[in-house]
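Here the first sequence is numbered in my numbering, starting from 671 and rising by one per residue.
Note that beta-carbon positions come from the ideal geometry of N, C-alpha and C, so glycine has one too.
Here the structure is laid out as structure tokens; the discussion comes afterwards.
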Amino acid sequence: MTAPAPVPGPVRTRFCPSPTGLVHVGLIRTALFNWAHARHTGGTFVFRIEDTDAARDSEESYRHLLDSLRWLGLDWDEGPEIGGPNGPYRQSERHGIYADVAAKLLAAGHAYESFSTNEEVDARRLAAGQDPKLGYDNHDRHLTDAEKAAFRAEGRQPVLRLRMPDEDLVWTDLVRGEVRFAAGAVPDFVLVRGNGVPLYPFVNPVDDALMGITDVLRGEDLLPSTPRQLALYAALTDIGVASGTPRFGHLPLVTGEGTRKLSKRDPTSNLDIYRDRGFLPEGLVNYLALLGWSIAEDRDIFSPGELVEAFDITRVSANPARFDLKKAEAINATHLRALPVGEFVERVVPYLAGAGLVGQPPTAEQDRVLRAIAPLAQERMIVLSEAVGLLAFLFVDDVEIDPAAAEKQLAGADAVEVLDATVAALTDLADWSTGAIEEALKTALVEGLGRKPRQAFGPVRVAVSGRTVSPPLYESIELLGRERTLARLAAARAVAASAAG
RNA sequence: GGCCCCGUCGUCUAGCGGCCCAGGACGCCGCCCUCUCACGGCGGUAGCGAGGGUUCGAAUCCCUUCGGGGCUACCA
671 MTAPAPVPGP VRTRFCPSPT GLVHVGLIRT ALFNWAHARH TGGTFVFRIE DTDAARDSEE
731 SYRHLLDSLR WLGLDWDEGP EIGGPNGPYR QSERHGIYAD VAAKLLAAGH AYESFSTNEE
791 VDARRLAAGQ DPKLGYDNHD RHLTDAEKAA FRAEGRQPVL RLRMPDEDLV WTDLVRGEVR
851 FAAGAVPDFV LVRGNGVPLY PFVNPVDDAL MGITDVLRGE DLLPSTPRQL ALYAALTDIG
911 VASGTPRFGH LPLVTGEGTR KLSKRDPTSN LDIYRDRGFL PEGLVNYLAL LGWSIAEDRD
971 IFSPGELVEA FDITRVSANP ARFDLKKAEA INATHLRALP VGEFVERVVP YLAGAGLVGQ
1031 PPTAEQDRVL RAIAPLAQER MIVLSEAVGL LAFLFVDDVE IDPAAAEKQL AGADAVEVLD
1091 ATVAALTDLA DWSTGAIEEA LKTALVEGLG RKPRQAFGPV RVAVSGRTVS PPLYESIELL
1151 GRERTLARLA AARAVAASAA G
């Protein structure tokens, strides 16, 4: 077969999920590549909802899908809540269209009515010494009117099958190059069920054709269904429903820990967990884009804008890609650190507010503290939710001292001595600033007590922040203020004293 | 079983016949910086699945083989 004639015109891609359950990261990666390809080429990105499975689809899942794409910044030009010239964009609202196209296909002879039951097909395969797994045998292609009438008289409802061409089915895959299926390898498949309900392999290409989709980028799991769609497109083009065959690009599968396709059951496949933990949308987009694509030989950090600028579908790798949480976190952390202070504060406030630490919006004082600590916090976080544990001590009256930290740093007479010296140094400190605090503490603890900095500041840190790990001490003390600092030092001293017995 | 896809460090990848006794990133290890933790800097670890060709020359092209994966519904 010669290469099919492409759909003419500028690029039009689409994303067409079913609203069933959780939003899968592999699905999002597919959406991302379609979006990036459309944006890069100045084309159009169409969003269509394939909600034809009433049993599994849900309105909640539908809303969640829209919300997820919006959060990631994957904006669509045509689709739900936006509309467009090729709507409606929910399959559940398009039923009338399919019956009409099916009738035309039947009338033109591209499709035919088939009455064979699965049992009959298997029996014929077996009788011919063949493996029943080969499937339907194209037996009903040339039924006479009398034969059809006889079947109907038995009460049988025929399915509608597409007549597959007797030639190799070939296409040049955007990511894999030429792919070929031998003539006869794919049986005539079902377009419409006996009960009149059209099937996915039929409605999906019909909608793509009607919506003028030029480039179909989808998961590799759908590659085996492409020869059927090629045949369908040829038929649709013949009857004037399609204006050509789209280009196909089969994206590598996203795998989980092993080598298997990342399943919907795998908790790590759920987009929500990344969002809830405080991944930045641009961080996740950056990482997801790396699953099968690379921007340059020596670079892997980029913004969505830079992705669009550089994206080239023909440079997408054909290998399966494993989702690596560590790398995703590293990429996100880099984006987090690069955030301007104001923006970081804006994004972290919902997490802090959610934990009851600051108001929504924060008070002027909370905002001042947040902005001051932001640069120090940013380089210690990989996701936004970590701000809660890291910064809580700045927004409460009294800290709760972590038992393990107390055990480690407040366990003896040494700690008492250090804390006493610290109180003495800070109580009347004239200039309550980071620099003056640092100088006062070094003088009192390092020089005065003759301790190594490491040992000197441990108990102070735990007293002030409640933890052994915190933002830099002097800055923290300054932001905390004299009153709370001294109160915490006193409280910690009591703990240390009782431990010292 | 059949059809199809894939095969470079542990992971994601660069590489499209000489620039590669293979580059980057994450991870891991070490050192430096240092009030903790990070950040940052420096260094290290580790790979072309195997076998045949083609070629002056192959990670790159061809074949075979092995391995991994996907699909095999009147689901989507």
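The beta carbons of residue 681 and residue 713 sit closer together than 8 Å. Rounded to the nearest whole angstrom, the CA to CA distance from residue 919 to residue 1141 is 48 Å.
Collapsing the DSSP output to three states places residue 949 in coil.
Rounded to the nearest whole angstrom, the CA to CA distance from residue 974 to residue 745 is 12 Å.
Nearest C-alpha to residue 821 among 783, 795, 794 and 802: 783. Residues 674, 839, 841 and 915 of the same chain have their beta carbon placed closer than 7 Å to that of residue 900, with the five preceding and five following residues left out of the count. Annotation for residue 920: no alpha helix (DSSP H) segment contains it, though the beta strand (DSSP E) segment containing it runs 917–921. When the beta-carbon positions are compared, residue 938 and residue 926 come within less than 8 Å of each other. When secondary structure is reduced to three states using DSSP, residue 1114 falls in the helix class. Shown here, residue 705 sits in a helix according to DSSP, grouped into three states. Per DSSP, the beta-bridge partners of residue 889 are 921. When Cβ pairs closer than 8 Å are counted between the two stretches, the stretch 1068–1084 is seen not to touch the stretch 1030–1050, the count staying below three.
For the 8 Å CB-CB criterion, residue 703 and residue 759 do not form a contact. The C-alpha of residue 696 lies about 18 Å from the C-alpha of residue 946. In this chain, the beta strand (DSSP E) harbouring residue 714 covers 714–717. Between residue 923 and residue 890, the C-beta spacing is below 8 Å. Looking at the backbone, the Cα of residue 1157 and that of residue 951 are separated by about 40 Å. By the Cβ-count criterion, residue 707 is buried, with 16 or more other Cβ atoms from all chains shown falling within 10 Å of its own Cβ.
Here DSSP, grouped into helix, strand and coil, assigns residue 782 to strand. The residue from 1154, 1121, 1090 and 837 with its alpha-carbon nearest to that of residue 1136 is 1154.
Between the stretch 826–834 and the stretch 846–861, the count of C-beta pairs closer than 8 Å reaches three or more; the two stretches touch. CA-to-CA, the gap between residue 836 and residue 854 works out to about 6 Å.
Relative to the Cα of residue 780, the nearest Cα in the group 1041, 1111, 905 and 944 belongs to 905. Counting the other CB atoms within 10 Å of its CB gives residue 917 a total of 16 or more, which places it among the buried residues. For the pair residue 1060 and residue 1111, the Cα-to-Cα distance works out to about 23 Å. When the five nearest sequence neighbours on each side are left out, the beta carbons in the same chain lying within less than 6 Å of the beta carbon of residue 977 are those of 706 and 959, in order along the chain. Residue 843 has 847 as its beta-bridge partners, per DSSP. About 15 Å separates the CB atoms of residue 1097 and residue 1115; that is not less than 8 Å, and the two are not in contact. For residue 742, the closest of 755, 701 and 805 by C-alpha to C-alpha distance is 701. When the five nearest sequence neighbours on each side are left out, the beta carbons in the same chain lying within less than 6 Å of the beta carbon of residue 986 are those of 845, 962 and 963, in order along the chain. Selection 954, 980, 957 and 953 evaluated against residue 965 yields 980 as nearest (Cα-Cα).
Setting aside the 5 residues that flank it on each side, residue 679 is surrounded in the same chain by 882 and 884, each with a C-beta closer than 8 Å to its C-beta; the list follows chain order.
Sequence-distant partners of residue 827 (beyond 5 residues in either direction) whose C-beta falls short of 7 Å from its own C-beta, in its chain, are 864 and 865. Within 10 angstroms of the beta-carbon of residue 720 lie 16 or more other beta-carbons, which makes it buried.
Residue pairing from DSSP places residue 753 in a beta bridge opposite 749.
Between residue 1119 and residue 1088, the gap from beta carbon to beta carbon is short of 8 Å.
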